[in-house]
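Note that the sequence shown covers residues 872 to 1084 in the working numbering. C-beta: ideal position from N, C-alpha, C; glycine also. Fair warning: this is a prediction, and the values are worked out from it, not measured in the lab. Worksheet: the structure to be examined is printed underneath.
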Amino acid sequence: MKSMIVTLMAGVTACALAAGTEDGPMKPNTDSQRAMKLQRPVVMKIGYLLYLPKDYGKTQDKWPLMIFLHGAGERGSDLNKVKVHGPPKLIERGKDLPFIIVSPQCPSGHWWPTKVETVMALIDEIVEKYNVDESRIYLTGLSMGGYGTWAIACAHPERFAAIVPICGGGQPYLASRLRDVPVWAFHGEKDPVVPVRESQRMVAVVNAAGGNA
């Protein structure tokens, strides 16, 4: 399993109140507001663990991709922290798994629901570099990673074949977007950190919308 740090470039378009042009500063318009656009590359830097199955590369076959999001305690810049739970832990113990696994590390002071586009940029990078079956991209995470799983999937439901949020939660008003995405949610009833109702609310909305959670 490789430890990697990737710098991702993404184009971002946002509204701005003031901007210049390639020809120099714009003439001031002091009597009204203008609708403006700012477009600049944004640099995203994130470390991650990459696992390729032992048979990867022996053929041109495409492989399923799993994204694993860790909990709050594993944030930072030491990728060894990411190995204490979930698939990275199994891999460290010698388990051979039949899919590509990417386990990014959330920077200190941040949390996964605010890193939606960073994770999506990482997925795009992996798809470009490796033989990934884009119809089989799976997202999972625990605790803070469970919240990230819900948030990222709600923002980009079309990208995922299924999601497995573990002891997480999210914004119920967005959960109906997952009606076409299989959801396998796990949550202990006696969880002392994240109340089980956090998962129950999300699951209820998905099912009410005709989904499968």
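Rounded separation between residue i and residue j - CA only
i     : j     : result
L961  : C1038 : 19 Å
K966  : G957  : 12 Å
K952  : G918  : 12 Å
P924  : Q931  : 13 Å
G1016 : L909  : 32 Å
K933  : Y922  : 15 Å
E1029 : K986  : 18 Å
A943  : S1014 : 7 Å
P1053 : Y1018 : 17 Å
A1056 : V998  : 26 Å
P978  : S903  : 41 Å
L968  : I1008 : 15 Å
Residue burial classification, residue i (beta-carbon count within 10 angstroms, cutoff 16)
i     : result
L940  : buried
Y1044 : exposed
S1006 : exposed
K929  : exposed
P1063 : exposed
H1058 : buried
K916  : exposed
Q976  : buried
V990  : buried
P1036 : buried
A906  : exposed
Rounded distance between the beta-carbons of residue j and residue i, thought under 8 Å
i     : j     : result
A1032 : M1073 : About 18 Å separates the two Cβ atoms, so there is no contact after all.
W983  : G947  : Their Cβ separation, rounded to whole angstroms, is 14 Å, which puts W983 and G947 out of contact at 8 Å.
I994  : I938  : 7 Å
Nearest candidate by alpha-carbon position, reference residue i, set the options
i     : options                      : result
R1050 : A1026, G1059 and D1062       : A1026
V973  : H981, G980 and K1000         : K1000
D1004 : G1082, P935 and Q904         : P935
D949  : Y927, L920, R964 and L968    : L920
N1002 : D926, R964, E963 and K1061   : D926
A992  : Q1071, P912, E1060 and W1055 : P912
Contact set for residue i: own chain, Cβ-Cβ below 7 Å, skip 5 residues either direction
i     : result
V1076 : P1043, A1046 and S1047
L1010 : I938, T1020, I1023, A1024, F1031 and I1034
F970  : P924, W934, P935, L936 and M937
N1078 : A1084
A1080 : S1047 and R1050
Close Cβ partners of residue i (< 6 Å) along its chain, the five nearest in sequence each way excluded
i     : result
E1069 : G1040
E945  : K952 and V953
P1066 : none
E963  : K954
P959  : L920, V953 and S974
Cβ-heavy atom distance, residue i to the ligand ATP, below 8 Å
i     : result
A1079 : Within the structure as shown, the ligand ATP is missing, as the structure has no ligands at all.
Residues near residue i by beta carbon distance below 8 Å, same chain, minus five either side
i     : result
G980  : R946
E1060 : V1067
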